[in-house]
Amino acid sequence: MRVLGIDPGLRNMGWGVIEVTGSRLSHIANGICHSKGADLGERLLSLHAQLTDVIHAWAPDAAAVEQTFVNKDGVGTLKLGQARGIAMLVPAQAGLAIGEYAPNAVKKAVVGVGHAEKHQVEHMVKLQLPGVKIVGADSADALAIAICHSHHLQSAGTLAKALARAGA
Numbered sequence: 002m003r004v005l006g007i008d009p010g011l012r013n014m015g016w017g018v019i020e021v022t023g024s025r026l027s028h029i030a031n032g033i034c035h036s037k038g039a040d041l042g043e044r045l046l047s048l049h050a051q052l053t054d055v056i057h058a059w060a061p062d063a064a065a066v067e068q069t070f071v072n073k074d075g076v077g078t079l080k081l082g083q084a085r086g087i088a089m090l091v092p093a094q095a096g097l098a099i100g101e102y103a104p105n106a107v108k109k110a111v112v113g114v115g116h117a118e119k120h121q122v123e124h125m126v127k128l129q130l131p132g133v134k135i136v137g138a139d140s141a142d143a144l145a146i147a148i149c150h151s152h153h154l155q156s157a158g159t160l161a162k163a164l165a166r167a168g169a
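FYI, in my numbering the residues of the sequence shown are 2 to 169.
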């Protein structure tokens, strides 16, 4: 199964694709969509087009997006929310199920603690995906989101199998 992780951002939207085979994870690709254009509409459209290209190129089976946290800058939070809308819309248009995770949940799944620093997340992503060449901090976060989602998918699959055996 291929999992696409997306770290939403209006300027830079990180993405990462991993392959999940049993409990084994492997890196497929990662990158950053950079918004282009003078106004907000153009920037969102460019992110939509780039993320659509990512999905067509790497054919993921599932997607996961980091939830937006609210900060003191209401305008910035609103713009980030609009970019997150693109991050949710594009996989939905491709027919993918989408998981959503709080930043602390992603950090806990990858590092083991919910308040890890960015460099700790990147270090653990490199350990879990040997040989990965990370394009930037946004793509490292996206790979972490994909790893988090893969853990949740594996847990759900294990639970479903156990429930099926118990009912049989």
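Glycine included, each C-beta is placed from N, C-alpha and C at the ideal position.
Only a predicted model underlies this, so the values are computations on that prediction, with no experimental measurement involved.
(1) Taking A58 as the reference, which of A143, G100, I29 has the closest Cα?
(2) Apart from the five residues on each side of it in sequence, which residues of its chain come closer than 8 Å, Cβ to Cβ, to H49?
(3) Which residues share a DSSP beta bridge with V66?
(4) Quick one: what's got a C-beta closer than 8 Å to V133's C-beta in the same chain, skipping five residues either side?
(5) Buried or exposed, going by whether 16 or more other CB atoms sit within 10 Å of the CB of E43?
(6) Would you identify the three-state DSSP class for E20, choosing helix, strand or coil?
(7) So, H150 versus A95, is the Cβ gap smaller than 7 Å?
(8) Measure the C-alpha to C-alpha separation of K80 and A138 and round it to an integer number of angstroms.
(9) Do you know offhand how far V55's Cα is from A106's?
(10) Less than 7 Å between C-beta atoms, sequence neighbours within five positions excluded: which residues of the same chain meet that for V122?
(11) Is any heavy atom in the ligand ATP found nearer than 6 Å to the beta carbon of Q94?
(12) Could you tell me the boundaries of the beta strand (DSSP E) in which R25 lies?
Short version:
(1) I29
(2) I87, L90, V91
(3) I7, E101
(4) H28, N31, V126, K127, L144
(5) exposed
(6) strand
(7) no
(8) 20 Å
(9) 25 Å
(10) K108, V111, V112, A141, D142, A145
(11) The model on display carries no ligand, and the ligand ATP is accordingly not part of it.
(12) 25–35
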